[in-house]
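Peer 1:
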């Protein structure tokens with residue numbers, strides 16, 4: 111059965127499966143996200159800090175200057191944000207698709223309507239989770255050198271007269287949430303919202319439209335109109351998830367770069383400050399050209415393709431398990447009611463005397479258990 115036609119009663123299953131899947135994927139692939147974010151904001155405007163040549167240099171510098179823990183900066187908001195985002199996204203996406211199916215009187219949506227449903231779900235999730243992703247970005251960009259590391263860079267900056275102000279770092283997720291609200295107000299939580307909305311709506315629309323179409327054609331390939339959909343293997347689901355993520359990521363990556371640049375802290379010494387989406391796009395193009403919009407793409411793809419494969423694979427399997435468990439509960443409840451009805455009918459027949467009990471046809475006429483949730 112195609113995901114688009116799941117009954118409304120399984121929306122809690124979609125939410126649980128999505129939340130579990132999103133969190134599992136983040137745990138394994140977060141270091142790539144840290145490297146990607148560091149490269150995205152590297153525009154040559156920072157007056158202090160290491161300038162990375164590429165992803166490998168960034169990884170080496172992080173380990174040497176900040177230790178292995180630096181690869182997991184921002185993990186808490188990443189786990190929270192990913193769990194909340196995927197749970198909400200899958201639930202809203204499936205609900206919106208089901209609504210469109212009912213509204214149009216169709217069993218399956220066209221690719222265009224799948225994209226529209228994904229875009230609607232992405233916009234809603236973006237408004238909900240932007241503050242969480244903002245904090246994740248800020249924590250990932252905090253440079254906390256190990257004892258003795260980075261001394262030469264700091265001395266060089268001081269000699270050049272560019273030693274930065276002492277900026278109190280965030281101690282963690284909650285501290286960042288509180289201080290951003292206190293220091294920057296409500297607007298601070300929604301910095302980068304413009305590119306985030308564009309990213310969430312277009313990215314999700316492309317990814318899930320491609321994913322749903324690949325799944326549909328694979329499950330129906332070689333089957334007649336009366337035959338049920340073939341259940342796809344884990345390998346097929348992983349391949350379709352990675353392919354759809356690659357397509358969406360390359361298409362929308364520039365908006366990720368602009369979002370990261372807008373969300374970074376601007377209370378550190380910098381040669382320029384980004385104040386709006388339009389300004390960030392203009393400055394990036396003028397200073398760095400097209401390449402500037404794709405900084406960090408390598409580690410980003412190394413993270414999102416396997417992450418998407420893991421997320422959607424876990425989602426599909428958890429959802430299948432939850433659906434099967436739900437159907438089993440319905441079956442057992444129906445059997446219990448049938449047994450109770452038989453017992454009642456048998457008792458009534460004995461009370462009425464021999465020959466007056468319920469016959470086999472009457473017993474068989476007791477409501478048959480429904481198999482669908």
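Numbering (our numbering), first residue to last: 111 to 483. Backbone N, C-alpha and C fix where the C-beta goes; we use that ideal spot for every residue, glycine too.
(1) Would you please state the rounded distance, in angstroms, between the beta carbons of residue 367 and residue 403? I believe it to be under 8 angstroms.
(2) With hydrogens ignored, establish whether the beta-carbon of residue 164 is closer than 7 angstroms to any heavy atom of the ligand FAD.
(3) Do residue 543 and residue 235 have their C-beta atoms within less than 8 angstroms of each other?
(4) Here's a check: name, in chain order, each residue in its chain whose Cβ is nearer than 6 angstroms to the Cβ of residue 142, leaving out the five neighbours to either side.
(5) Take every Cβ of the stretch 195-202, pair it with every Cβ of the stretch 225-243, and state whether three or more of those distances are shorter than 8 angstroms.
(6) Starting from residue 151, follow the alpha helix (DSSP H) in both directions and report where the run begins and ends.
(7) How about the stretch 215-224 and the stretch 157-171: do they share at least three Cβ pairs that are nearer than 8 angstroms?
(8) Cα separation between residue 211 and residue 217?
(9) Note down the Cα distance separating residue 322 from residue 278, rounded to an integer number of angstroms.
(10) Between 207, 139, 306 and 146, which lies nearest to residue 241 when the distance is taken from Cα to Cα?
(11) Tell me the rounded alpha-carbon separation between residue 90 and residue 209.
(12) When the distance is taken between beta carbons, is residue 398 closer than 8 angstroms to residue 153?
(13) Between the alpha carbons of residue 178 and residue 396, how many angstroms are there, rounded?
(14) Would you identify the three-state DSSP class for residue 188, choosing helix, strand or coil?
(15) Helix, strand or coil for residue 262, going by three-state DSSP, please let me know.
(16) Mark residue 422 as exposed unless 16 or more other C-beta atoms lie within 10 angstroms of its C-beta, in which case mark it buried.
(17) Comparing alpha-carbon positions, which option in 203, 185 and 205 lies nearest residue 245?
(18) Please classify residue 173 as buried or exposed, where buried requires at least 16 other C-beta atoms within 10 Å of its C-beta.
(19) Would you kindly report the start and end of the unbroken alpha helix (DSSP H) that includes residue 245?
(20) Quick one: what's got a C-beta closer than 6 angstroms to residue 127's C-beta in the same chain, skipping five residues either side?
(21) Rounded to whole angstroms, what is the Cα-Cα separation between residue 348 and residue 312?
(22) Between the Cα of residue 401 and those of 360, 182, 168 and 446, spot the shortest distance and give me the residue it belongs to.
(23) For the alpha helix (DSSP H) that contains residue 355, what are its first and last residues?
(24) Do residue 290 and residue 299 have their beta-carbon atoms positioned less than 8 angstroms apart in this structure?
(25) Are the Cβ atoms of residue 358 and residue 317 separated by less than 8 angstroms?
(26) May I ask you to report which of helix, strand or coil DSSP gives residue 217?
Peer 2: The short version:
(1) About 5 angstroms; that satisfies the 8 angstroms criterion.
(2) Absence of the ligand FAD from the depicted structure is noted, as is the absence of any ligand whatsoever, leaving it without description.
(3) Residue 543 is absent from the structure shown; the chain starts at 111 and stops at 483.
(4) Taken in chain order, the residues that qualify are 409, 412 and 413.
(5) They touch, by the three-pair rule.
(6) Segment: none, residue 151 is in no alpha helix (DSSP H) and carries neither H nor E.
(7) Cβ pair count under 8 angstroms is below three, so no.
(8) So the two alpha carbons sit approximately 6 angstroms from each other.
(9) Spanning the two alpha carbons is a distance of roughly 46 angstroms.
(10) Checked all of 207, 139, 306 and 146; the closest Cα to residue 241 is 306.
(11) Since the first residue of the chain shown is 111 and the last is 483, residue 90 is not available in this structure.
(12) Against a cut-off of 8 angstroms, the Cβ pair of residue 398 and residue 153 comes out as a contact.
(13) If I take the Cα positions, the gap works out to 35 angstroms.
(14) Helix, per DSSP.
(15) For residue 262, the pLDDT reaches just 48, beneath the cut-off of 50, and the residue's location in the model is therefore unreliable, although a value from the coordinates is still provided. It is helical.
(16) With 16 or more neighbouring CB atoms inside 10 Å of its own CB, residue 422 falls in the buried class.
(17) Nearest C-alpha to residue 245: 185.
(18) Taking all protein chains shown into account, residue 173 has fewer than 16 neighbouring C-beta atoms within 10 Å of its C-beta and is therefore exposed.
(19) DSSP places residue 245 in the uninterrupted alpha helix (DSSP H) bounded by 221-251.
(20) Contacts found: 425, 428 and 429.
(21) Taking the straight line from one Cα to the other gives about 21 angstroms.
(22) The residue among 360, 182, 168 and 446 with its C-alpha nearest the C-alpha of residue 401 is 360.
(23) 344-373 is the extent of the alpha helix (DSSP H) around residue 355.
(24) Their beta carbons are under 8 angstroms apart, which means residue 299 touches residue 290 by this criterion.
(25) A distance below 8 angstroms separates the beta carbons of residue 358 and residue 317.
(26) DSSP places residue 217 in the coil class of the three-state scheme, outside both helix and strand.
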